[in-house]
Amino acid sequence: MTLDALASKYRAAIAAAVDEAALEDVRVGAMGKQGEISLKMRELGKMSPEERQVMGPALNALKDEIASALAAKKAGLADAALDERLRSEWLDVTLPARGRPAGTIHPVSQVTEEVAAIFADMGFAVAEGPRIETDWYNFDALNIPGHHPARAEMDTFYMQRAEGDNRPPNVLRTHTSPVQIRSMEAQGAPIRIICPGGVYRADYDQTHTPMFHQVEGLAIDKNISMANLKWTLEEFFSAFFGTKVKTRFRASHFPFTEPSAEVDIQCSWEGGTVKVGEGDGWLEVLGSGMVHPKVLAAGGIDPEVYQGFAFGMGIDRIAMLKYGIPDLRAFFESDLRWLRHYGFASLDVPTLHGGLSR
Ligand code: PHE
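For the sequence shown, the working numbering assigns the number 3 to the initial residue and increments by one for each residue that follows.
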């Protein structure tokens, strides 16, 4: 075929290509390894110098022409494809948006964050421990030996042991106090931590559920006293309830503290609703005391050098008080109407400078 005939053949083929795939076939036919123009180029090598002087420039010109025709057509096809898409795809921006269901933050989570924010400001770090505990951490290390009545009083849930395994069964922790021991072991003295989390006791009525939440507090150093405990708690309650709250310490007994005290906060009971920080009523909210020397020793801390205070407070209980929630059981029933009513917006992150939550 003459160069002119080749030129018109490929001009026509390029013009006729309807899409990029067809155009690619044309390109391969002309310029691919076995393409007609490529083969012609290869023949140049066999020609005489005189022939080559004529054919060389002519072939190069043909090659350039077809290459630029291919490129121009390719751009044209891409533009056409885009135009077609723009014509056929469209979006009605006036349509109403699809609703997005938004969850809420559970009051227990919110209050846990509030508690952590307040104690963090007083230099307490947050520590955590497992909900399934060994007998040792939940009881023995806390000076509650096997025969101690406190074990029976706690209505403990015991885990199964395999047949023939005679170790004491693990338990669902009955309080957050085992985290005291774990923290002593992990970091030694001095310590300033709170440990929030779920705990378990076999109990169920308006103010008791088999799973509930506590926050443990523990401060250990060389000169800690009950006075520090009282100040810390009053500071906490006043920040938490947003008003000055008086506390009342009543002598009590826990195996892991000596002396021990139960702590009430001041409240009024007018018109069937509780108001914290006013009136002359009292409401029990926590157990506390000076950490028992045997407990310090169990945690590897020398009771001759260090002492500390500890407390355990019901998170659900103070959430009910602050937000006027009447029945504890509803906390764990996952009723959407309840969650929407008492839940918090996810952006309502409690901070001290932001004044905590409403
Ligand atoms: N662990 C106790 C309870 O669950 C509370 C407590 C904690 C008491 C720390 C004293 C010190 O009732």
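The beta-carbon is built from N, C-alpha and C at its ideal position, and this holds for glycine as well. Here the structure is a predicted model, which means the values were calculated and not measured.
Using the beta-carbon count (16 or more within 10 Å), is residue i buried or exposed?
| i | result |
| --- | --- |
| Val-135 | It is worth fixing the name first, because residue 135 is Glu in this sequence and not Val. That one is buried. |
| Asp-94 | exposed |
| His-294 | buried |
| Gly-166 | exposed |
| Tyr-12 | buried |
| Met-161 | exposed |
| Pro-257 | buried |
| Lys-1 | The shown model of the chain, from 3 to 360, leaves out residue 1, and the question about it has no answer. |
| Arg-203 | buried |
| Lys-75 | buried |
| Asn-168 | exposed |
| Val-35 | The sequence as given places Lys at residue 35; Val does not occur at that position. Lys-35 comes out exposed. |
| Thr-245 | exposed |
| Ala-1 | One cannot answer for residue 1 here, as it falls past the ends of the chain, which runs 3 to 360. |
Quick one: Cα of residue i to Cα of residue j, how far?
| i | j | result |
| --- | --- | --- |
| Arg-163 | Ile-196 | 31 Å |
| Leu-285 | Cys-269 | 7 Å |
| Thr-176 | Asp-205 | 11 Å |
| Thr-341 | Gln-208 | Note on residue identity: the sequence assigns Leu, not Thr, to residue 341. Cα to Cα, the separation comes out at about 18 Å. |
| Gly-31 | Gln-55 | 26 Å |
| Trp-138 | Gly-283 | 39 Å |
| Met-213 | Met-228 | 30 Å |
| Pro-103 | Phe-243 | 31 Å |
| Gly-148 | Thr-106 | 43 Å |
| Asp-66 | Ser-90 | 36 Å |
| Val-110 | Val-201 | 13 Å |
| Tyr-344 | Thr-158 | 30 Å |
| Ala-77 | Ser-40 | 23 Å |
| Gly-131 | Thr-96 | 52 Å |
| Leu-46 | Val-20 | 33 Å |
| Phe-126 | Pro-98 | 48 Å |
| Lys-324 | Leu-88 | 58 Å |
Verify the contact flag: residue i, CB atom, against every heavy atom of the ligand PHE, threshold strictly below 7 Å.
| i | result |
| --- | --- |
| Ala-312 | yes |
| Ser-262 | yes |
| Thr-96 | no |
| His-294 | no |
| Glu-130 | no |
| Thr-245 | no |
| Phe-258 | yes |
| Gly-105 | no |
Using a Cβ-Cβ distance under 8 Å, would residue i count as near chain C?
| i | result |
| --- | --- |
| Asp-266 | The displayed structure is made up of one protein chain only, and chain C is not part of it. |
What distance in whole Å lies between the Cβ atoms of residue j and residue i, which are believed to be in contact at a cut-off of 8 Å?
| i | j | result |
| --- | --- | --- |
| Asn-140 | Pro-180 | 5 Å |
| Ala-60 | Leu-8 | No, Ala-60 and Leu-8 are not in contact; Cβ-Cβ is about 11 Å, not under 8 Å. |
| Gly-199 | Arg-100 | That pair is no contact at about 37 Å. |
| Ala-154 | Arg-194 | Not a contact, Cβ separation roughly 33 Å. |
| Gly-314 | Thr-178 | 6 Å |
| Glu-272 | Gly-291 | So it is not a contact: roughly 32 Å between Cβ atoms. |
| Ser-254 | Gly-289 | 7 Å |
| Val-265 | Leu-235 | 6 Å |
Is residue i near the ligand MN, with its Cβ less than 7 Å from a heavy atom?
| i | result |
| --- | --- |
| Ser-227 | With respect to the ligand MN, the structure offers nothing, as its ligand set consists of the ligand PHE. |
* Take every Cβ of the region 243 to 252, pair it with every Cβ of the region 299 to 306, and state whether three or more of those distances are shorter than 8 Å. => no
* Mind the definition here: the region 211 to 220 touches the region 107 to 119 only if three or more C-beta pairs lie below 8 Å; say whether that holds. => yes
* Using 8 Å as the threshold, is the region 314 to 327 in touch with the region 64 to 81, meaning 3 or more CB pairs across them? -> no
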